[in-house]
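In this text, residue positions in the sequence shown follow the UniProt record's numbering: the first is 1, and each later residue adds one.
Accompanying notes for the structure given below.
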Amino acid sequence: MEGSDFRKSNCNRKLIGARYYNVPWTRDGNQSSLARTKGSPRDSVGHGTHTASTAAGVQVLNASYYGLAQGTARGGLPSARIACYKACSDVGCSGATILKAIDDAIRDGVDIISISIGMSSLFQSDYLNDPIAIGAFHAEQMGVMVICSGGNDGPDPYTIVNTAPWIFTVAASNIDRDFQSNIVLGNGKNFTGSAINFSNLTRSRTYPLVFGKDVAGYYTPVSEARNCYPGSLDPKKVVGKIVVCVDDDPAVSRKIKKLVVEDAKAKGLILIDEAEKSVPFDSGIFPYTEVGNIAGFQILQYINSTKNPTATILPTVDVPRYRPAPAVAYFSSRGPAELTENILKPDIMAPGVAILAAIAPKNETGTVPNGKKPSTFSIKSGTSMACPHVTGAAAFIKSVHRRWTSSMIKSALMTTATVFNNMKKPLTNSSNTFANPHEVGVGEINPLKALSPGLVFETTTENYLEFLCYYGYPEKNIRSMSNTKFICPKSSIDELISNVNYPSISISKLNRHQPAKTIQRTATNVAALNSTYIAKVHAPAGLIVKVLPEKLVFAEGVRRVSFQVSFYGKEAPRGYNFGSITWFDGRHSVRTVFSVNVE
Numbered sequence: 001m002e003g004s005d006f007r008k009s010n011c012n013r014k015l016i017g018a019r020y021y022n023v024p025w026t027r028d029g030n031q032s033s034l035a036r037t038k039g040s041p042r043d044s045v046g047h048g049t050h051t052a053s054t055a056a057g058v059q060v061l062n063a064s065y066y067g068l069a070q071g072t073a074r075g076g077l078p079s080a081r082i083a084c085y086k087a088c089s090d091v092g093c094s095g096a097t098i099l100k101a102i103d104d105a106i107r108d109g110v111d112i113i114s115i116s117i118g119m120s121s122l123f124q125s126d127y128l129n130d131p132i133a134i135g136a137f138h139a140e141q142m143g144v145m146v147i148c149s150g151g152n153d154g155p156d157p158y159t160i161v162n163t164a165p166w167i168f169t170v171a172a173s174n175i176d177r178d179f180q181s182n183i184v185l186g187n188g189k190n191f192t193g194s195a196i197n198f199s200n201l202t203r204s205r206t207y208p209l210v211f212g213k214d215v216a217g218y219y220t221p222v223s224e225a226r227n228c229y230p231g232s233l234d235p236k237k238v239v240g241k242i243v244v245c246v247d248d249d250p251a252v253s254r255k256i257k258k259l260v261v262e263d264a265k266a267k268g269l270i271l272i273d274e275a276e277k278s279v280p281f282d283s284g285i286f287p288y289t290e291v292g293n294i295a296g297f298q299i300l301q302y303i304n305s306t307k308n309p310t311a312t313i314l315p316t317v318d319v320p321r322y323r324p325a326p327a328v329a330y331f332s333s334r335g336p337a338e339l340t341e342n343i344l345k346p347d348i349m350a351p352g353v354a355i356l357a358a359i360a361p362k363n364e365t366g367t368v369p370n371g372k373k374p375s376t377f378s379i380k381s382g383t384s385m386a387c388p389h390v391t392g393a394a395a396f397i398k399s400v401h402r403r404w405t406s407s408m409i410k411s412a413l414m415t416t417a418t419v420f421n422n423m424k425k426p427l428t429n430s431s432n433t434f435a436n437p438h439e440v441g442v443g444e445i446n447p448l449k450a451l452s453p454g455l456v457f458e459t460t461t462e463n464y465l466e467f468l469c470y471y472g473y474p475e476k477n478i479r480s481m482s483n484t485k486f487i488c489p490k491s492s493i494d495e496l497i498s499n500v501n502y503p504s505i506s507i508s509k510l511n512r513h514q515p516a517k518t519i520q521r522t523a524t525n526v527a528a529l530n531s532t533y534i535a536k537v538h539a540p541a542g543l544i545v546k547v548l549p550e551k552l553v554f555a556e557g558v559r560r561v562s563f564q565v566s567f568y569g570k571e572a573p574r575g576y577n578f579g580s581i582t583w584f585d586g587r588h589s590v591r592t593v594f595s596v597n598v599e
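Here it is as structure tokens:
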């Protein structure tokens, strides 16, 4: 689709299609209008370019973001073709345009749809009122795989979005590279900070150092000045100095704090933020860095005990072989899913912190280092960045196993996921405690291992329709959405959702004083014939898990075998219990994660 700055000739053997949509929005009551999209499918903010190149960008030598993260960049499947659908505008996204874009992609014949979009967890719609869920179901019906970001509202529970079982929902992890911008105090002490800045400050000169509350404007509450609220600082007391602020109120973003200090003509900003310091913020050429509470306390102690405190902020350097990695990103939305806890979400985790990928070059004031041209690469963070990693991995598997369905690819990636970090220890979260499946899903993607999973759990369109029945939707609504004449099972209760043939297991309620709860799964053999798999259960103390049969035999001509898993919670601790069932045949390891809420 041509636009004001996009012609058919802009397409090539990589970008084979592009569409854009006018986003409807409302202003002045009920007066409807159309948001300006510049009448073009061309990316105006860089988000789509970054995600598309992550999934399928070609190899680029010596790629970097002004020297940071330098190396060879390539997408998950460089040989894949890309079709882009610009469903959002500068003012946001519309459900109508998202649904239209998905339907267009299906008609255009794509194999996989990657959606780095999600509603706020505070405003989640149910499945039949969610345009992404509806569009993804249409895609599933046509054999098109849909992969979505899980949201950036973590670390609170029940914040995960895009949780329909036919959607592959992705959490975000860090990578084994860190971006450090260190602080040198006037007394010679050094502190490791986290940020991306290209400032011209050096060790050779320090600048006056002040705490935000000590340079507050007239009649400004101390609590606002220490947080660097807009209008809270006195420019006369700030100019030429490095300001220290805290982050007690997440409602005021790092970007706003940086702009407040920068507009006051300060020399730099040190932000004390224990949580978000693990996700480097890009401040352009403005000197900026973040430290945790311990370092922050020592810096404030230095300010309070020194007559003329000074400091400098050094430009960012990248630090390889960072540990531990992967670990759950602070911002990554967590499960359990609000709509139903009988499907485990997120599904899987992938790199989503400080990801280098292509971007439309920008020449905004304060973003380009002196003497440099606008970069064609950028470093971004979010589950939006994690999603295309899984998309690229899925495309990679699809390129090898052309006849595999979307649920087979999904299962292959889930049952082979990595559960250990680069320290050979279990995955952790941003609090440095062991991560659970509500944070990581089944673990971190391992595309190479997923090429040969041994067994897969196929989930059919009929299974998904049954899920909607179990969820409680009227049969007529299900038929209308799916354009089928599907008849719901006679027994359609919520707890049957756990029986959907999913690669993971989740039980929302296991009563300690009632008999065991038994669920069923069917495994499909995609490896050698005449193979035998033996089950090994890893369960927390007190939760009894029994698998019948304990051995799956795939004799010649036998492709599918069913088994049952029974959970006994009489002695189990109340709350969520996590574990796994792993099937071994001597070569393959097929791991199914479970989550059981004992009451």
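Just so you know, even glycine gets a beta-carbon here, dropped at the ideal spot from N, CA and C.
Terminal residues of the beta strand (DSSP E) in which Leu-269 lies: Residues 268-272.
Got a sec? Which residues, its chain only, sit under 6 Å from Ala-539 by beta carbon, not counting five neighbours each side? Within the same chain, Ala-539 has close Cβ partners Val-545, Gly-579.
Looking at the structure shown, is His-588 part of a helix, part of a strand, or coil, going by DSSP? Coil at His-588, not helix or strand.
Secondary structure, beta strand (DSSP E): runs of 3+ residues fully inside the region 62-102: For the beta strand (DSSP E) assignment, the uninterrupted runs of no fewer than 3 residues enclosed by the region 62-102 are, from N- to C-terminal side, 68-73, 82-86.
To the nearest angstrom, how far is the alpha carbon of Glu-475 from that of Glu-274? So the two alpha carbons sit approximately 49 Å from each other.
Sequence ranges, beta strand (DSSP E) only - wholly within the region 367-400, length at least 3: Runs of the beta strand (DSSP E) lying entirely within the region 367-400 and spanning at least 3 residues, in chain order: 377-380.
Put Asp-214 into one of helix, strand or coil per three-state DSSP. Reduced to three states, the DSSP call for Asp-214 is helix.
Spatial distance of Ala-266 from Ala-360 (CA atoms): Their Cα atoms are separated by approximately 30 Å.
Determine the direct distance from the alpha carbon of Ile-270 to that of Phe-191, and round the result to whole angstroms. So the two alpha carbons sit approximately 11 Å from each other.
Status (buried if at least 16 other CB within 10 Å, exposed otherwise) for Pro-515: Classification for Pro-515: exposed.
When the Cα atoms are used, what is the spatial distance from Lys-257 to Cys-84? One C-alpha to the other measures close to 34 Å.
Reference Ala-329, options Leu-233, Ser-431, Lys-410, Val-260, closest by Cα: Selected option, being the one with the closest Cα: Ser-431.
Return the chain-ordered list of same chain residues with a C-beta closer than 8 Å to the C-beta of residue 600, the five sequence neighbours on each side being excluded. Nothing can be reported for residue 600: it is not among the residues displayed for the chain, which extend from 1 to 599.
In the DSSP output, what is Glu-290 paired with across the bridge? Bridge partners of Glu-290: Ser-194, Leu-271.
Should the region 293-313 be called in touch with the region 162-179, which here means at least 3 C-beta pairs below 8 Å? Touching, no.
Going by CA-CA distance only, name the one from Ala-251, Phe-281, Lys-241 that's closest to Glu-262. Taking only the C-alpha atoms, the option nearest Glu-262 is Lys-241.
Determine, using beta carbons only, whether Val-442 and Ile-348 come nearer to each other than 7 Å. Judged by beta-carbon spacing, Ile-348 lies within the 7 Å limit of Val-442, meaning their Cβ atoms are closer than that value.
Asp-156 - DSSP class collapsed to helix/strand/coil: Looking at Asp-156 - three-state DSSP - the assignment turns out to be coil, as it is neither helix nor strand.
Rounded Cβ spacing between Glu-458 and Asn-501 (contact assumed at less than 8 Å): 7 Å between Cβ atoms; contact.
Mark Gly-212 as exposed unless 16 or more other C-beta atoms lie within 10 angstroms of its C-beta, in which case mark it buried. By the neighbour-count rule (16 or more Cβ atoms within 10 Å), Gly-212 is buried.
Length of the line joining the Cα atoms of Ser-522 and Thr-365: Residue 522 is actually Thr in this sequence, not Ser. The straight-line gap from Cα to Cα measures roughly 58 Å.
Hey, how far is the Cα of Pro-369 from the Cα of Val-244? Between the alpha carbons of Pro-369 and Val-244 lies a distance of about 24 Å.
Have a look at Tyr-533, Arg-559, Ser-498 and flag the residue whose alpha-carbon is nearest the alpha-carbon of Ser-566. Closest in alpha carbon position to Ser-566, among Tyr-533, Arg-559, Ser-498, is Ser-498.
Hey, Gly-335 and Ile-445 are a contact pair by Cβ (cut 8 Å); roughly how many whole angstroms apart? Rounded, the Cβ-Cβ distance is 17 Å, inconsistent with contact.
Three-state secondary structure (DSSP) of Ala-450: Helix.
With distances taken between CB atoms, is the gap from Ile-112 to Thr-391 smaller than 7 Å? Yes.
So what does DSSP say about Ser-407, is it helix, strand or coil? In the structure shown, Ser-407 sits in a helix (DSSP, three-state: H, G or I).
State buried or exposed for Val-596, treating a residue as buried only when at least 16 other CB atoms are found within 10 Å of its CB. Burial call: buried.
Reference Pro-287; option with closest CA among Ala-337, Gln-180, Leu-356: Per the Cα distances, Gln-180.
What is the C-beta distance between Ile-132 and Asn-152, in whole angstroms, given that I count them as a contact (C-beta under 8 Å)? A Cβ-Cβ distance of about 16 Å is found for the pair Ile-132 and Asn-152, leaving them out of contact under the 8 Å criterion.
For Gln-124, does the count of other Cβ atoms within 10 angstroms reach 16, so buried, or fall short, so exposed? So Gln-124 counts as buried.
Suppose the cutoff is 7 Å on Cβ atoms and the five residues either side in sequence are ignored; what does the same chain contact list for Glu-571 look like? So the list reads Gly-542, once near-sequence residues are dropped.
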